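Peer 1:
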Amino acid sequence: MPKALRAAPVTLPRPRLRTLLRAQEKRRGLLIAFEGPDGAGKTTQRKLFKTWLQSEGHEVVTSKWNSSPLIKPLIKARKKVHALGPEEFCLLHAADFRHRLHTEILPALWQGRMVLADRFLFTGLARDAARGLDLDWLLHVYSPLVWPDVVFYFSVSPDTSTRRVVSTRTPKFYEAGQDVTGEGDAVTSYRQFIARVIREYDALALIFQFVTIDAERPIYEQHRRIREFFQSARRRAWAEWNVEAVLEWLAERGEGAGTGARARTRTGTRTRTRARTKTKTSKDEAGRGG
Amino acid sequence: MAGRRRKPAGRLIAVEGTRGRDVTRAAARVWQHLKDEGAEGGVSTWDASGTFYELRLAKQKELTPSPRTLLLLYASDLTFRLRWQIRPAIAQGQTVVAAPYVESAIAFGEAAGLPRKWLTELFRFAPKPDACLHAREKRSSSGWKDKWMAGFPEFASVVLKSTRADWDERRRRAEAIRILARSEGRRGCRLLKKKSLRELT
Numbered sequence: 135m136p137k138a139l140r141a142a143p144v145t146l147p148r149p150r151l152r153t154l155l156r157a158q159e160k161r162r163g164l165l166i167a168f169e170g171p172d173g174a175g176k177t178t179q180r181k182l183f184k185t186w187l188q189s190e191g192h193e194v195v196t197s198k199w200n201s202s203p204l205i206k207p208l209i210k211a212r213k214k215v216h217a218l219g220p221e222e223f224c225l226l227h228a229a230d231f232r233h234r235l236h237t238e239i240l241p242a243l244w245q246g247r248m249v250l251a252d253r254f255l256f257t258g259l260a261r262d263a264a265r266g267l268d269l270d271w272l273l274h275v276y277s278p279l280v281w282p283d284v285v286f287y288f289s290v291s292p293d294t295s296t297r298r299v300v301s302t303r304t305p306k307f308y309e310a311g312q313d314v315t316g317e318g319d320a321v322t323s324y325r326q327f328i329a330r331v332i333r334e335y336d337a338l339a340l341i342f343q344f345v346t347i348d349a350e351r352p353i354y355e356q357h358r359r360i361r362e363f364f365q366s367a368r369r370r371a372w373a374e375w376n377v378e379a380v381l382e383w384l385a386e387r388g389e390g391a392g393t394g395a396r397a398r399t400r401t402g403t404r405t406r407t408r409a410r411t412k413t414k415t416s417k418d419e420a421g422r423g424g
Numbered sequence: 027m028a029g030r031r032r033k034p035a036g037r038l039i040a041v042e043g044t045r046g047r048d049v050t051r052a053a054a055r056v057w058q059h060l061k062d063e064g065a066e067g068g069v070s071t072w073d074a075s076g077t078f079y080e081l082r083l084a085k086q087k088e089l090t091p092s093p094r095t096l097l098l099l100y101a102s103d104l105t106f107r108l109r110w111q112i113r114p115a116i117a118q119g120q121t122v123v124a125a126p127y128v129e130s131a132i133a134f135g136e137a138a139g140l141p142r143k144w145l146t147e148l149f150r151f152a153p154k155p156d157a158c159l160h161a162r163e164k165r166s167s168s169g170w171k172d173k174w175m176a177g178f179p180e181f182a183s184v185v186l187k188s189t190r191a192d193w194d195e196r197r198r199r200a201e202a203i204r205i206l207a208r209s210e211g212r213r214g215c216r217l218l219k220k221k222s223l224r225e226l227t
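Keeping their order, the protein sequence lines are chains F and Y.
When the letters of the first sequence are read in order and numbered with the numbering used here, they come out as residues 135 to 424.
When the letters of the second sequence are read in order and numbered with the numbering used here, they come out as residues 27 to 227.
(1) CB-CB under 8 Å to L108 of chain Y, same chain, minus the five flanking residues each way: which ones, in chain order?
(2) Anything in the stretch 103-114 of chain Y with a Cβ closer than 7 Å to a Cβ of chain F? List those residues in chain order, please.
(3) Check each residue of the stretch 281-305 of chain F: if its Cβ is closer than 7 Å to any Cβ of chain Y, include it; give the result in chain order.
(4) Run through DSSP, which three-state label would A37 of chain Y get?
(5) Would you decide whether T401 of chain F is buried or exposed? Buried here means 16 or more other CB atoms lie within 10 Å of its CB.
(6) Using the Cβ count rule (16 or more neighbours within 10 Å means buried), how would you classify E191 of chain F?
(7) Check the Cβ of F151 of chain Y against every Cβ in chain F and list those closer than 8 Å, keeping chain order.
(8) Can you give me the C-alpha to C-alpha distance between K210 of chain F and T178 of chain F, rounded to a whole angstrom?
(9) Which chain Y residues sit within Cβ distance under 9 Å of G388 of chain F?
(10) Identify, in the order they occur along the chain, each residue of the same chain with its Cβ nearer than 7 Å to the Cβ of E350 of chain F, setting aside the five sequence neighbours on each side.
(11) So, helix, strand or coil for I205 of chain F, using DSSP?
(12) Does DSSP put K181 of chain F in a helix, in a strand, or in coil?
(13) Between which two residues does the alpha helix (DSSP H) containing I353 of chain F stretch?
(14) Do the stretch 154-169 of chain F and the stretch 243-252 of chain F touch if we need at least three Cβ pairs shorter than 8 Å?
(15) How would you call C158 of chain Y, buried or exposed, if buried means at least 16 neighbouring beta carbons within 10 angstroms?
(16) Entirely within the stretch 66-106 of chain Y and at least 3 residues each: give me those beta strand (DSSP E) ranges in chain order.
(17) Determine, for P91 of chain Y, whether the minimum Cβ-Cβ distance to residues of chain F falls below 8 Å.
(18) Rounded to the nearest angstrom, what separates E201 of chain Y and A137 of chain Y at their Cα positions?
(19) Please return the same chain residues whose Cβ sits closer than 6 Å to the Cβ of R82 of chain Y, not counting the five positions on each side in sequence.
(20) List, in order along the chain, the chain F residues whose C-beta lies closer than 8 Å to that of L148 of chain Y?
(21) Using only alpha-carbon positions, find the residue among Y:K171, Y:L99, Y:E63, Y:Q58 that is nearest to G76 of chain Y.
(22) Helix, strand or coil: how does DSSP classify K220 of chain Y here?
(23) Any beta carbon from chain F within less than 8 Å of R94 of chain Y's own beta carbon?
(24) Consult DSSP for A251 of chain F and reduce its assignment to one of helix, strand or coil.
(25) Using a Cβ cut-off of 8 Å, pull out every chain Y residue sitting near H216 of chain F, in sequence order please.
(26) Which residue marks the beginning of the alpha helix (DSSP H) containing L384 of chain F, and which one marks its end?
(27) Looking only at C-alpha atoms, which of F:L218, F:E378, F:K214 sits nearest to F106 of chain Y?
(28) Which of the three DSSP states is assigned to Y127 of chain Y in this structure?
(29) For P91 of chain Y versus L204 of chain F, is the C-beta spacing smaller than 8 Å?
(30) Roughly how many angstroms separate the alpha carbons of A329 of chain F and T44 of chain Y, rounded to a whole number?
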């Protein structure tokens, strides 16, 4: 960012950011989310899909739920001592999501990489709504919302989810929803809680038009359907879907402020950046990409 | 049959401000006054959950939260305070001075460029305080001091200063003071003075 602009408080010109957004549209990567209850086989399908995308020559980045290096340790410590209430649980996961969005997901997409999200914000919505929080408030907490280009929803029955999870491990306290069911037995609690979560997921799948994959079908069939859908899917323009979230991220990076001849300061005065600065910034953008 | 003695109703007093030191001092003053009048309870302060203290220990390269992320973390800390400090004390008929509460965070968030509507919706879970007092700053010509744990604005400003090129803390601080002052008179918020203290009792 030019030094002069760094010193002067600048309100980033939104039209300029929109232009930048449109220019990047064709170069940006795609965001593909894998959603569904535990034991639905999301991770298996995500890994298969990643391998296939890489074989097609794409650069692929994976972002997992609750994996921000900044927030994850906080959540982990609180989960360990069962100290989280539903609202705190929700807000910490929302902070983790927002941090990953700004530091991992959007930068990778901007650089033209494919991002596979192993769970996305819909996980937060489904789980928190199943914990009894108001969906309207949850949507506010996660806003400005970011719409993936495709959301694959792996649909399974509560029985299948319970059977698959229990065959490999005992569900943990929050995974089993013991904080809200009040059940002492983790498996019994999980069975009750996952039924609620699946109900919320099914409702979200209808509202947000997820691509539903029958996760009770064989693995190769699911993978084939994912590939087929991906190849025929229409690209969603950021300018239509994700303007607020992406512009906020761009503005925070100071992007767009130096790209044009003029930038408006808070006081209403206009500063003309030098042509030299403009050229340098454009070069930076071209080189940096993200 | 003798009538059962009713438990006194608990009260929540919010003390707001744009600088940690002012809020701490004002809270001590308000609590001393209430204590002298025979109130039971205490002061609920920022970062009771230890969230920000733990963040402070994170690696510098990972300490890159946006204003929105910081506000989400403040809100999570407030839910902790409500769950473990404020609601239990009020349920026992005690008085709690929450310093800071919601208005300070909204003023900071708005000054950091977040939409007011998002901020007010975010804090929808917080019950309305019975009284709200502002510890207004007199001077606004400088930025916040680099004292991480003095208060939420100080913490957030230190973080944002190191990660955002356009973070002009002097302007942001002046803006936060202006926004908080604007909310005086609305929703029962008033400036902390001797008179407003007397009216608490």
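Even glycine gets a Cβ: it sits at the ideal position worked out from N, Cα and C.
None of these values were measured; they are calculated from a predicted model.
Peer 2: If we stick to the structure as given:
(1) F151, A152, P153
(2) Here the close residues are T105, F106, R109.
(3) none
(4) Inspection of the sequence shows that residue 37 of chain Y is occupied by Arg rather than by Ala. Three-state DSSP puts R37 of chain Y in a strand.
(5) Confidence is the limiting factor: at T401 of chain F the pLDDT is only 33, short of 50, which leaves the residue's position unreliable and the question unanswerable from this model.
(6) Inspection of the sequence shows that residue 191 of chain F is occupied by Gly rather than by Glu. When all chains shown are included, G191 of chain F counts as exposed.
(7) E221, W271
(8) 24 Å
(9) R190, A191, D192
(10) V290, T294
(11) coil
(12) helix
(13) 353-366
(14) Two segments are said to touch when three or more pairs of C-beta atoms, one from each, lie closer than 8 Å; by this definition the stretch 154-169 of chain F touches the stretch 243-252 of chain F.
(15) buried
(16) Counting whole runs of 3 or more residues, the stretch 66-106 of chain Y contains the beta strand (DSSP E) stretches 67-71.
(17) yes
(18) 5 Å
(19) W174
(20) H274, V275
(21) Y:L99
(22) helix
(23) At least one chain F Cβ lies under 8 Å of R94 of chain Y.
(24) strand
(25) What H216 of chain F touches in chain Y: nothing, since even the nearest Cβ is about 13 Å away.
(26) 377-386
(27) Ranked by Cα distance from F106 of chain Y, the first of F:L218, F:E378, F:K214 is F:L218.
(28) coil
(29) yes
(30) 45 Å
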